[in-house]
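First up is the structure itself, then whatever we jot down about it.
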Amino acid sequence: MIRTRIAPSPTGKDVHIGSVATALMNYAWAKKNNGKFIIRIEDTDQSRLVPGGEKKMLTTLQELGIIADESPLIGGPFAPYRQSERLDIYKKYAQELVEKGKAYYCTCTLERLTEMRAKQQAEKKVPKYDRFCLSRQDEVKKQIEEGMKYVVRLLIPETEIVFTDLIRGEVRFQSSNLDDQVLLKSDGFPTYHLGVVVDDHLMEITHVMRGEEWLPSTPKHIILYDAFGWEKPFFGHVSLLRNPDKSKLSKRKNPVWASEYIEKGIFPEALLNYLALMGWSHPEGKDIFDLDEYIRVFDIKDVQTEKLKSKVVEYIGGEYNEKVIEMTIPLVRERMKKLSEYIPLTEFLFKAPDAYEIPLEKYKDTLTKVIAKLESIDAFNSLKIGEAMVDVAKESGLKNSEFFQMLRVAITGKKISPPLNESMEILGKEECIKRIKTV
Ligand code: GLU
0 MIRTRIAPSP
10 TGKDVHIGSV
20 ATALMNYAWA
30 KKNNGKFIIR
40 IEDTDQSRLV
50 PGGEKKMLTT
60 LQELGIIADE
70 SPLIGGPFAP
80 YRQSERLDIY
90 KKYAQELVEK
100 GKAYYCTCTL
110 ERLTEMRAKQ
120 QAEKKVPKYD
130 RFCLSRQDEV
140 KKQIEEGMKY
150 VVRLLIPETE
160 IVFTDLIRGE
170 VRFQSSNLDD
180 QVLLKSDGFP
190 TYHLGVVVDD
200 HLMEITHVMR
210 GEEWLPSTPK
220 HIILYDAFGW
230 EKPFFGHVSL
240 LRNPDKSKLS
250 KRKNPVWASE
260 YIEKGIFPEA
270 LLNYLALMGW
280 SHPEGKDIFD
290 LDEYIRVFDI
300 KDVQTEKLKS
310 KVVEYIGGEY
320 NEKVIEMTIP
330 LVRERMKKLS
340 EYIPLTEFLF
350 KAPDAYEIPL
360 EKYKDTLTKV
370 IAKLESIDAF
380 NSLKIGEAMV
390 DVAKESGLKN
400 SEFFQMLRVA
410 ITGKKISPPL
420 NESMEILGKE
430 ECIKRIKTV
């Protein structure tokens, strides 16, 4: 049976409009397949809870017609699953991992961790837990018996994590830069990573469709599923709703809470209809349809990158590398209105620029620093590239905007391009360095 969920954290005053978009997709996928849709409140970060937020969120979802099929309270009024009511479960599973040697206890104090991080930063190392407690588990266990505060950490294995995202296709991650994640905090609450994996497993979730901001967490979750020996659900990471200028939806530019739209007089049906059309289109090209019709015609595969990829491949003919095209789709899908826009947007990924929209001579020194920094990155992914470039920007003394414009022009030739870090990841380390050297 298909089982989907949304797992919001009540850290705002209502449900975020972007969460409604993912909720809608999960809801429709369950309904379409005669499956079940559940709501789970992830309230494990007690310091971030907003009073009244959970209640408002559930009311808004109900007004929108996004209603859960299951409740932990049998016969009583509807209540969602709530992680704060399941603490014993997470503790038990954290202990199970320790017994299996996949996790370990850590009693390091905040002072020690702060000192450790400061030292790593000074040595320009990636800040991560140095496994001090791993080598002295017997001692640590004694300290715990004596009442010392502790956390449980996941022992991240050295490995490559590969999975097929329902929306993005194949995703690869190197585990080498991952920190030994805390699974159980000293207050007895699980972290997001432990809570989400244990619950998705126990609640038999088959499809996890969530916002793309959770993509960096998925490798950690996969390591956890493997450590427990559990079957993994399918994962799909949906692009975030953005402002028209592609910046992150923020309170300053647009309402972010779903009820604000309803209060402005937008009908719930119209809101759902609008959200459904973000990143998906009706097979008959319709703009107006209701929830029942959406459930009938919705298919995850239509949210897929694959579909746009085949259209692009068909349109531009066999001249370009298909694998590269596939990687470019997440970068351009929201910027492309017509297939003819694909080439101008992505040309730089297939061939080095032969002209630069701004002169780069005066930046030679900074570019040399960029090269050195790029060379030092092991896992050449957008996240690491981004972090590294922010460092160089700081050292260069240039304003961030000037630095990134210069870098963008050096890599793409143009002042406007798809997201730079992701583009650099696709180009790869060698090609980026080569391009900067030719400036
Ligand atoms: N608690 C996370 C959130 O606030 C859940 C992310 C997920 O769906 O795994 O959205």
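For the sequence shown, counting from 1, position 185 maps to 184 in numbering that gives the first Met the number 0; every step adds exactly one.
The beta carbon of each residue, even a glycine, is placed where N, CA and C say it ideally should be.
Nothing here was measured: the structure is a model prediction, and the numbers come from that model.
Residue range of the alpha helix (DSSP H) that includes residue i
i: G385; result: S381 to S395
i: Q180; result: Run containing Q180: none; DSSP gives neither H nor E here.
i: A102; result: First-last for A102: A102 to C105, but that is the beta strand (DSSP E), not the alpha helix (DSSP H).
i: F131; result: Looking at the DSSP string, F131 is not in any alpha helix (DSSP H), and its letter there is neither H nor E.
i: P158; result: The amino acid occupying residue 158 in the given sequence is Thr; Pro does not appear at that position. Where T158 is concerned, there is no enclosing alpha helix (DSSP H), given that its DSSP letter is neither H nor E.
i: I37; result: Where I37 is concerned, there is no enclosing alpha helix (DSSP H), although the beta strand (DSSP E) it sits in stretches over K35 to I40.
i: E110; result: L109 to A121
i: I265; result: That residue, I265, is in no alpha helix (DSSP H); it is neither H nor E in DSSP.
i: I432; result: K428 to T437
i: V408; result: N399 to T411
i: I294; result: L290 to V296
i: Q45; result: Premise fails: Q45 is in no alpha helix (DSSP H) and is neither H nor E.
i: M326; result: E321 to V331
i: D137; result: Q136 to E144
i: I370; result: K363 to E374
i: M147; result: Taken as a continuous stretch (DSSP letters only), M147 belongs to no alpha helix (DSSP H), as it is neither H nor E.
i: E230; result: Counting along the chain, E230 falls outside any alpha helix (DSSP H), and DSSP gives it neither H nor E.
i: M56; result: G52 to E62
Beta-ladder partner(s) of residue i, from DSSP
i: M208; result: G235
i: L153; result: A102
i: Y273; result: None, per the DSSP bridge assignment.
i: H15; result: W256
i: E169; result: T163
i: R241; result: K247
i: Y80; result: R39
i: P218; result: DSSP, once it has assigned bridges, lists no residue as partnering P218.
i: P417; result: According to DSSP, which records beta bridges pairwise, P417 is partnered with nothing at all.
i: P189; result: L183
Separation of residue j from residue i, as counted between CA atoms
i: Y319; j: D301; result: 23 angstroms
i: T106; j: E98; result: 17 angstroms
i: L165; j: E394; result: 40 angstroms
i: K148; j: R332; result: 48 angstroms
i: K398; j: A392; result: 7 angstroms
i: D129; j: M115; result: 8 angstroms
i: M440; j: L240; result: Here the chain comprises residues numbered 0 to 438, so residue 440 is not present and cannot be evaluated.
i: Y92; j: Y362; result: 54 angstroms
i: Q404; j: V311; result: 28 angstroms
i: E62; j: L290; result: 13 angstroms
i: A226; j: P417; result: 37 angstroms
i: Q45; j: A387; result: 32 angstroms
i: L366; j: S400; result: 15 angstroms
i: M0; j: R295; result: 17 angstroms
i: Y355; j: L330; result: 22 angstroms
i: L214; j: N176; result: 15 angstroms
i: L23; j: T205; result: 16 angstroms
i: C132; j: Y104; result: 7 angstroms
i: K454; j: L274; result: No answer is possible for residue 454: it lies beyond the span of the chain, which begins at 0 and ends at 438.
i: L201; j: V49; result: 27 angstroms
i: K308; j: D137; result: 54 angstroms
i: N272; j: V408; result: 39 angstroms
i: F234; j: K30; result: 18 angstroms
i: Y341; j: K247; result: 23 angstroms
i: K127; j: T411; result: 33 angstroms
i: L154; j: R434; result: 39 angstroms
i: I370; j: L112; result: 32 angstroms
i: K436; j: D364; result: 11 angstroms
i: I261; j: P358; result: 49 angstroms
Supposed contact pair residue j and residue i - C-beta distance, whole angstroms, cut 8 angstroms
i: D13; j: W279; result: The Cβ separation is near 24 angstroms, so there is no contact.
i: I37; j: E53; result: Going by Cβ atoms, the distance from I37 to E53 rounds to 15 angstroms, so no, they are not a contact pair.
i: D198; j: Q82; result: 7 angstroms
i: G34; j: R2; result: 6 angstroms
i: G194; j: T43; result: 5 angstroms
i: L182; j: A67; result: Not confirmed; about 27 angstroms, so no contact.
i: G168; j: E325; result: 6 angstroms
i: P232; j: V207; result: 5 angstroms
i: H220; j: H192; result: 6 angstroms
i: L96; j: P79; result: Going by Cβ atoms, the distance from L96 to P79 rounds to 26 angstroms, so no, they are not a contact pair.
Where the beta strand (DSSP E) containing residue i begins and where it ends
i: F349; result: Where F349 is concerned, there is no enclosing beta strand (DSSP E), although the alpha helix (DSSP H) it sits in stretches over Y341 to F349.
i: T3; result: R2 to I5
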